[in-house]
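A quick write-up on the structure given underneath.
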Amino acid sequence: MGLENPIHLALLLMVLLLVFGAKRLPEMGRSLGDGLRGFKEAVSGQAPAHTLTAADMVTPEPATIAPVIVSQPAE
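The opening residue of the sequence shown carries number -17 in the numbering used here; numbering runs sequentially from there.
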């Protein structure tokens, strides 16, 4: 008895969808994951791993392509 049964999980998911809506569930899952990650880091005593942000990423310079000259065969 509990949440081992897939039907119980499906019923719980349906209730969550009805209560919170489809737009709110991904936000809730994301915030729950962030909270669990922070809790894990606090318990283990490790410094948080640096995550890449848009400011950290370097955009490469656009490559310049030299024109290709194709010679026509002599007829």
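Where is the CB? At the ideal position from N, CA and C, for every residue including glycine.
Taking a C-beta distance under 8 angstroms as the contact criterion, L(-1) and L7 qualify as a contact pair. A Cβ-Cβ distance of about 11 angstroms is found for the pair F2 and M(-4), leaving them out of contact under the 8 angstroms criterion. Looking at the backbone, the Cα of Q28 and that of A4 are separated by about 35 angstroms. The three-state secondary structure of K5, taken from DSSP, is coil.
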